[in-house]
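*Asks:* Structure in structure tokens, see below.
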Amino acid sequence: MSESLQRLVEIGVFSHLHGKLQKWSDEYKINTADENLAKACEIVELNARLQGQLFKLLSLCASEGRLYGAGAAGIKSRLLPLLGQGFFASGLSSDASLSVIKDAVSKECRANEAQKSYEESLAQLEEALSRSRAENEDIKAELESTRQELERQGRASASEKMFDEAELRQLQQRLSEAEADRSRLQSRADLVDDYDRRVRLLRGEIDDLHARLYGPAPLPPPPLPPLPLRLPGPGGCGFPDYFAPPPMSPPPPPPPLTPADGRLARSISGHLAGLHGPPPAVSPLSQADPLLRSRRQALIARYLDLAGSARREASDALRRCYDDEENNQRIIGAAVQEAFSLAKLTFREYKSRVRTQLLLSHVGPASLDEAVQDFINCHHQPEDLQSMTEDVIRALTRDNRLYLPPGISYDVIGPFIRAACQLAWEMATLAQPLELARCRDGEIFDEKKYRRTYDSEFTAPLVAHYTWPALVQGSEVVARGEACTRRGAATSSTQRTRSTSRNFGSRSGSPARGLESGQPTRESGTASHSATEAAAAAAKGRTGSYYAD
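In the UniProt record's numbering, the protein residues as written are 1 to 549.
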């Protein structure tokens, strides 16, 4: 009997029965009536089996008690009112009943574990399902945004088609106006050719004057013997004195040297004194010149740096004074264009003076053009960089398309303008100079020379304004520039072109006006030299701003 009692304790059926009762109590309200009935039957069945084992133990105790006491009669009289007759006997043996109870308990434990794992798997599946639903919602939202974007692009395409005809009409009108301007400017071009011819003549006179000034002094002519006076009489011719030739007037004195001409003459003298040995195998004017190639690559790299970090610093300086980004971009582009235009004009005059100086002392197998280029390669720094910078700032101040608040001058980007002037001068000193491509607002966008800015309308064919010019060498594009394209740029460009043409006409002036308002003459210069300076000033005023063209 003690062994049966010990096995009953080891099975832990009472704790299992209590767990079932607790679980039934927790799930009673959510279960159906059939589920509650099944739970009750299961608990009663387990309880009946447990009671059967207890009654077996009770019977054994009672059988042993017959020897010592009342035995089973007392137990029956005590428990019979509470239990029926069927509870005192069981159809199974003690060992079989314990095995059944043990199997039921183990099955119940396995069922609980399976249910627990199933619930965990179900929770994981529900979590995965919720994630899938969230992803589906994201995909639906993305599809909706894509559909809206496609609808917006469709509407934009429809509006672009509507604007195409109007833009075509504007382009045709602009073409007709351009043809009218061309026919009107053709007559001016003939006048400009006449001016150029006069300027060449005046430059020839300047060369002659310089040749007189710096060349060897001519020997004085031998004195003429005095003409004998023939008195009337025998053997005389009878000519009076007033038939004698008039005395020769002395030639006008040459114009005095300027400090710049003196410095240039000293530089050329030092350069010629340092030339020794045979001439170089490659001409300085050839593209195969290694010095030309190395300088070209270095200048292109400096131009890219100017378009990068230097331009950003200038934009930041302008942005601190005025927050109109488009106006600031126009200012920077105009500054670069004006610097290159001024450097080109100034270098042309400088090269003419170098050529005139070398013409007096040039000897050797090399041509005069090669000697001029060789000297320029050795002395390629600008003569007066500060004056060039100030001229560019004055040109920007006169440009009515640009704006800065009152009290703010273009000196805020002075370092940028100075660097642009120096770079433009050095690019002009090359045998094949690097120049900026001619650009004009409102023209058709050229993808070979320019790229669009980030705020451009990429479907617009016309340029609203240029933010950075392209660098070219002849017909080759060396570095691309930047341009901002906008729809409707043709109309605004036509208005700006007309205002620019009026400004150009007001600055150009006639030759007579240029001669009247030219540069002051030298103190002791000749009339020819004064006319030359006046014509050069008129030509400079006629050239105007490169960016405005």
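No residue lacks a Cβ here, since even glycine has one placed at the ideal position from N, Cα and C.
Inspect the CB distances between the stretch 287-299 and the stretch 397-406 and report whether three or more fall short of 8 Å.
*Replies:* No: fewer than three Cβ pairs fall under 8 Å.
*Asks:* Helix or strand or just coil, what does DSSP make of M162?
*Replies:* M162 falls in the helix class under three-state DSSP.
*Asks:* Is there a Cβ of chain D sitting closer than 8 Å to that of S409, yes or no?
*Replies:* Of the protein chains in this structure there is only one, and it is not chain D.
*Asks:* Give the DSSP-derived three-state secondary structure of A470 in the structure shown.
*Replies:* Residue state, collapsed to three classes: coil.
*Asks:* Roughly how many angstroms lie between the CA atoms of F163 and D455, to the nearest whole one?
*Replies:* Approximately 20 Å between the Cα atoms of the pair.
*Asks:* Which residues does DSSP list as the beta-bridge partners of I444?
*Replies:* Looking at the DSSP assignment, I444 forms a beta bridge with L462.
*Asks:* For L430, which residues in the same chain have their Cβ closer than 7 Å to its Cβ, ignoring the five residues on either side in sequence?
*Replies:* Counting only Cβ-Cβ distances below 7 Å, and skipping sequence neighbours, we find L292, R295, R296.
*Asks:* Does the Cβ-Cβ distance between K107 and I11 come in under 8 Å?
*Replies:* It is not a contact, given that the beta carbons lie outside the stated cut-off.
*Asks:* Leaving out five residues before and five after A420 in sequence, what residues of the same chain have Cβ atoms less than 6 Å from its Cβ?
*Replies:* Contacts found: V336, A339.
*Asks:* Name the DSSP beta bridge partners of L436, please?
*Replies:* In the DSSP output, where bridge partners are listed per residue, L436 has L471.
*Asks:* For G52, which three-state DSSP category applies?
*Replies:* Helix.
*Asks:* Near H18, which residues of its chain fall below 6 Å by C-beta distance, leaving aside the five closest residues on each side in sequence?
*Replies:* Contacts found: none.
*Asks:* For the pair the stretch 309-319 and the stretch 470-486, tell me if three or more CB-CB distances fall below 8 Å.
*Replies:* Contact fails: fewer than three Cβ-Cβ distances are below 8 Å.
*Asks:* On the three-state DSSP scale, how would you describe T485?
*Replies:* In the structure shown, T485 sits in a strand (DSSP, three-state: E or B).
*Asks:* Taking the runs of the alpha helix (DSSP H) that are 4 residues or longer, which of them lie wholly in the stretch 325-377?
*Replies:* Correct list: 325-361.
*Asks:* Based on the DSSP secondary-structure assignment, which residues constitute the bridge partners of R452?
*Replies:* Bridge partners of R452: A483.
*Asks:* For V477, which beta-bridge partners are listed by DSSP?
*Replies:* Per DSSP, V472.
*Asks:* Among A470, Q473, T459, V463, which residue has its Cα nearest to the Cα of A158?
*Replies:* Cα-wise, what sits closest to A158 is T459.
*Asks:* Helix, strand or coil: how does DSSP classify Q153 here?
*Replies:* Note: Q153 maps to helix in three-state DSSP.
*Asks:* Quick check on the DSSP output: the alpha helix (DSSP H) that includes D323 runs from which residue to which?
*Replies:* Premise fails: D323 is in no alpha helix (DSSP H) and is neither H nor E.
*Asks:* Would the stretch 296-310 and the stretch 438-456 be scored as touching if the rule is three or more Cβ pairs under 8 Å?
*Replies:* With a cut-off of 8 Å, the stretch 438-456 and the stretch 296-310 do not count as touching, because too few Cβ pairs lie within range.
*Asks:* Throw me the rounded Cβ distance for the I413 and T389 pair, which I believe falls under 8 Å.
*Replies:* Rounded, the Cβ-Cβ distance is 10 Å, inconsistent with contact.
*Asks:* Tell me the rounded alpha-carbon separation between R319 and L213.
*Replies:* Each residue's Cα considered, the two are about 53 Å apart.
*Asks:* So the alpha helix (DSSP H) Y303 belongs to, where does it begin and stop?
*Replies:* Taken as a continuous stretch (DSSP letters only), the alpha helix (DSSP H) holding Y303 covers 290-305.
*Asks:* Look at I393 and C321 and say whether their C-beta atoms are less than 8 Å apart.
*Replies:* For I393 and C321, no; Cβs fall outside 8 Å.
*Asks:* By the DSSP assignment, the alpha helix (DSSP H) with P415 in it spans what residues?
*Replies:* First-last of the alpha helix (DSSP H) with P415: 414-428.
*Asks:* At the level of alpha carbons, what is the spacing between S63 and L46?
*Replies:* Roughly 26 Å between the two C-alpha positions.
*Asks:* What's the C-alpha gap between K20 and K116?
*Replies:* Roughly 15 Å between the two C-alpha positions.
*Asks:* Would you kindly work out how many angstroms separate the C-alpha atoms of E435 and E426, rounded to a whole number?
*Replies:* Rounded to whole angstroms, E435 to E426 spans 11 Å at the Cα level.
*Asks:* Consult DSSP for T397 and reduce its assignment to one of helix, strand or coil.
*Replies:* Helix.
*Asks:* Please state whether DSSP places L8 in a helix, a strand or coil.
*Replies:* Of the three classes helix, strand and coil, the one that applies to L8 here is helix, per DSSP.
*Asks:* How would you label N136, buried or exposed, when you count the other beta carbons within 10 angstroms and need 16 or more for buried?
*Replies:* N136 is exposed by the Cβ-count criterion.
*Asks:* Quick one: Cα of Q386 to Cα of I332, how far?
*Replies:* The straight-line gap from Cα to Cα measures roughly 18 Å.
*Asks:* Along the chain, where does the alpha helix (DSSP H) containing L17 start, and where does it finish?
*Replies:* Segment 13-27, the alpha helix (DSSP H) holding L17.
*Asks:* Near G481, which residues of its chain fall below 6 Å by C-beta distance, leaving aside the five closest residues on each side in sequence?
*Replies:* Here the set comprises Y450, W468, P469, A470.
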